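Only one structure is covered here, and it is reproduced in the block below.
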Amino acid sequence: MLNIKQRQMNLKFLGFYTKNIDGIEGNGTKQAYKDFQKNYDLIVDGIFGAKTNAKLVKVIKAEQARLGVKQDGVAGEITMKAKDNQLSWDNIKHFKQSEFTCKCGCKLNNIDLKLVKILDEIREYFGQPIIISSGCRCKNHNAKVGGVQGSRHVLGKGTDIIVRNVSKDKVLAKCKEYVANGIARYTYTNNSNMGNAVHIDIV
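If you count by the numbering used here, then the sequence shown holds residues 63 to 265, one letter each, in order.
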């Protein structure tokens with residue numbers, strides 16, 4: 063079983079916990095338990111039991127495998143440094159992390175900075191502000207808005223954007239360039255439920 067500091071480190075790594083790593087199981091930590099439980103279809107009781115522990119360790123190990131570091135289930139200094147070395151918000155010119163937070167209030171924000179970097183480039187290309195109409199989504203919110211199962215929004219690897227004063231056809235064409243070059247995975251727009259938004263996602 064993870065100790066409280068390890069739980070806080072893991073939850074902070076995933077964006078569910080935003081306060082200091084102090085080893086104290088206060089209200090902020092318990093709320094982070096609930097937010098994590100809600101997002102991963104566990105019983106939402108704010109109690110860090112065996113099932114919550116197992117799921118949190120599993121999720122962190124998967125992230126560690128992606129980063130190429132030791133898979134011990136604890137997001138310690140090496141894991142955090144590996145994440146920071148990939149990209150940081152210091153490399154992002156036009157966006158704040160908060161713009162991508164799940165809109166249901168669960169606080170999930172697992173947005174992949176590689177995707178945000180693409181959006182930064184699109185923003186530079188058009189010279190116009192970009193509105194994030196849909197960023198990260200927890201599973202519940204994704205289902206509520208009609209998202210497909212396994213949506214890239216849930217993984218933090220997909221977003222819907224509107225570029226001010228630019229037609230969605232032009233935005234879609236630019237996004238298709240990223241797909242054609244193997245930088246993005248998929249892009250589309252849908253008149254029936256997306257309005258002027260264009261979806262783009264990465265692997």
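Glycine included, every Cβ here is placed at the ideal spot set by N, Cα and C. In this text the structure is predicted, and so the values were computed from the model without any measurement.
Please check the pair residue i and residue j, which I expect to be a contact at CB under 8 Å, by giving their CB distance rounded to whole angstroms.
i, j, result
"V136", "M71", "7 Å"
"V279", "K201", "Here the chain comprises residues numbered 63 to 265, so residue 279 is not present and cannot be evaluated."
"I83", "K92", "That pair is no contact at about 15 Å."
"V121", "I154", "About 24 Å separates the two Cβ atoms, so there is no contact after all."
"V241", "T251", "That pair is no contact at about 13 Å."
Which residues in the same chain have their Cβ closer than 6 Å to the Cβ of residue i, if we skip the five residues on either side of it in sequence?
i, result
"I262", "C237, A246, T249"
"I140", "V131"
"Y102", "K117"
"K123", "Q133, G135"
"H203", "C164, C166"
"D97", "F78, C168, K169"
"V225", "F188, Q190, I192, V233"
"S196", "D222"
"R185", "H156, I192"
"Y95", "G108, F110"
Starting from residue i, trace the alpha helix (DSSP H) both ways and give me its first and last residue.
i, result
"T141", "139-148"
"V178", "175-188"
"D231", "230-242"
"I66", "66-75"
Check for me: the beta strand (DSSP E) holding residue i runs from which residue to which?
i, result
"G130", "Per DSSP, G130 belongs to no beta strand (DSSP E) and is neither H nor E."
"H261", "260-263"
"G220", "220-225"
"S196", "192-196"
Here's the rule: buried if 16 or more other CB atoms are within 10 angstroms of the residue's CB, otherwise exposed. What is residue i?
i, result
"N243", "exposed"
"E239", "exposed"
"V210", "exposed"
"Q99", "buried"
"E125", "buried"
"T114", "buried"
"S229", "exposed"
"I264", "buried"
"S213", "buried"
"G257", "exposed"
Assign residue i to one of three DSSP states: helix, strand, or coil.
i, result
"T91", "helix"
"Y102", "coil"
"V207", "coil"
"T249", "strand"
"M256", "helix"
"D107", "coil"
"S213", "coil"
"V121", "helix"
Excluding sequence positions up to five away, which residues of its chain have a Cβ less than 8 Å from the Cβ of residue i?
i, result
"L129", "T141, A144, K145, Q148"
"N172", "L76, G77, C198, L217, G218"
Once you ignore the five residues that flank residue i on each side, which residues in its own chain have a CB closer than 7 Å to its CB?
i, result
"E87", "I66"
"Q68", "V136"
"N227", "Q190"
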